[in-house]
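K.L.:
Here the sequence shown stands for residues 1 to 276, where the numbers follow full-length UniProt numbering.
Even glycine gets a Cβ: it sits at the ideal position worked out from N, Cα and C.
Computed from a predicted model, the values in this text were never measured in an experiment.
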Amino acid sequence: MAAPRSVVVEAGCWVLDRDVEKNADSPSEKKLKADRFPLSRWEFAAALGVFLVFSTGLVCIYLTMPTAEYELLKLPRTISDLRSLKDHLAIYAQLHPAKFILGYCSTYIFMQTFMIPGTIFMSLLAGALFGVVRGLFLVVFNATAGASSCYFLSKLIGRPIVNWLWPEKLRYFQAEIAKRREKLLNYMLFLRVTPTLPNLFINLASPIVDIPFHIFFFATVVGLIPASYITVRAGIALGELKSLKDLYDLKTLVLLFLIGSILLLPTILKRKRVYE
């Protein structure tokens, strides 16, 4: 006697569901999910819109510069490129200081906002062209403005990107922030001063783990000063610099961690009193 049709259909659906579940757990399916672009259509449209607004402003600024200078403007990727760019721009910076600073600041903030590598060369260039005091002010101002812009961009569309790129690092960061809520500023200063976590990750992950903007902003302004000072001073002696590895030798790293540890000391002492 044949089984009822409904039973056959249900059995077939059950087998199909099992096959779907099995395929969903397969390594190839997991890899497909991992490689899938994290942004939705609307999130991508918002990111593209912000990028186009920034790009349009940057292009408008460059159009105000003398035509002869266009061929000299390119992002340096090596120390050799940076020396050549510095030689070309030194005279232009003296003749048109306002236009140069506007173009410099716009480029730096644009790169920092959209996580474009190369801002360290911009910091070296500031030292080479403006000296320690003005160069340090320019670098800290632009780095803070770019980091703040990146913070708000991440608040808009950053969660899926950070979850996609650094899921484990984000969980670690979230746990550390939860443990240090009462002394959050000290911890953020420690992170900014030391190379414990990349600045790019801090900029993107901070709004996701609910770090208030005023703490993020103040920690960025103050915390970036030591590393920026080292970079700007290296820019003054650009001719002696062989590679970026020379910027942060063991002595420099130990000094940065020492400064960071001093900033973190109030948090450590408070936790010790609680356990006592």
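Do Leu138 and Thr194 have their C-beta atoms within less than 7 angstroms of each other?
P.N.:
No, Cβ-Cβ distance for Leu138 and Thr194 is not below 7 angstroms.
K.L.:
In terms of alpha-carbon separation, which member of Glu176, Trp166 and Leu200 lies closest to Gly146?
P.N.:
For the residues Glu176, Trp166 and Leu200, the minimum Cα distance to Gly146 belongs to Leu200.
K.L.:
Does the beta carbon of Ala227 fall short of 6 angstroms from some heavy atom of the ligand ATP?
P.N.:
No copy of the ligand ATP occurs in the structure displayed, which carries no ligand at all.
K.L.:
Excluding the five sequence neighbours on either side, which residues of its own chain have a C-beta within less than 8 angstroms of the C-beta of Lys242, listed in chain order?
P.N.:
Hits under 8 angstroms: Ile79.
K.L.:
Thinking just about the alpha-carbon of each residue, which of Gly223, Val132 and Gly235 is nearest to the one in Leu125?
P.N.:
For Leu125, the nearest C-alpha among the options comes from Gly235.
K.L.:
In the structure shown, what three-state DSSP assignment does Gly49 receive?
P.N.:
It is helical.
K.L.:
If distances are taken between C-alpha atoms only, which option among Pro167, Val140 and Val209 comes closest to Gly223?
P.N.:
Considering only alpha carbons, the answer is Val140.
K.L.:
Could you give the distance in angstroms between the alpha-carbon of Arg233 and the alpha-carbon of Arg41?
P.N.:
Going by the C-alpha atoms only, they are around 45 angstroms apart.
K.L.:
Within this structure, are the beta carbons of Ile259 and Pro226 separated by less than 7 angstroms?
P.N.:
Closer than 7 angstroms, so yes.
K.L.:
Would you check if the stretch 172-184 and the stretch 47-57 touch, i.e. whether three or more CB-CB distances between them fall below 8 angstroms?
P.N.:
Because the criterion of three Cβ pairs below 8 angstroms is not met, the stretch 47-57 and the stretch 172-184 do not touch.
K.L.:
Can you give the Cα-Cα distance for Arg134 and Leu165, rounded to whole angstroms?
P.N.:
Rounded to whole angstroms, Arg134 to Leu165 spans 36 angstroms at the Cα level.
K.L.:
Going by DSSP in three states, Ile109 sits in which element: helix, strand or coil?
P.N.:
DSSP places Ile109 in helix when its eight states are reduced to three.
K.L.:
For the alpha helix (DSSP H) containing Phe190, name the first residue and the last one.
P.N.:
Its alpha helix (DSSP H) spans residues Leu184 to Val193.
K.L.:
Give me the Cα-Cα distance between Pro97 and Glu240, rounded to the nearest whole angstrom.
P.N.:
In a straight line, the C-alpha of Pro97 is about 26 angstroms away from that of Glu240.
K.L.:
Let me make sure I understand the geometry here. Which of Ser84, Leu264 and Ile61 has the alpha-carbon closest to that of Leu191?
P.N.:
The shortest C-alpha separation from Leu191 is found at Leu264.
K.L.:
Classify Asp210 as helix, strand or coil using the three-state DSSP reduction.
P.N.:
Looking at Asp210 - three-state DSSP - the assignment turns out to be coil, as it is neither helix nor strand.
K.L.:
Whose CA, out of Leu250, Leu136 and Ala143, lies closest to the CA of Asn217?
P.N.:
In the sequence on display, residue 217 carries Phe and not Asn. Of the listed residues, the one whose Cα sits closest to Phe217 is Ala143.
K.L.:
Excluding the 5 residues preceding and the 5 following Lys99 in the sequence, name in chain order all residues of the same chain whose CB lies nearer than 7 angstroms to its CB.
P.N.:
Counting only Cβ-Cβ distances below 7 angstroms, and skipping sequence neighbours, we find Thr64 and Met65.
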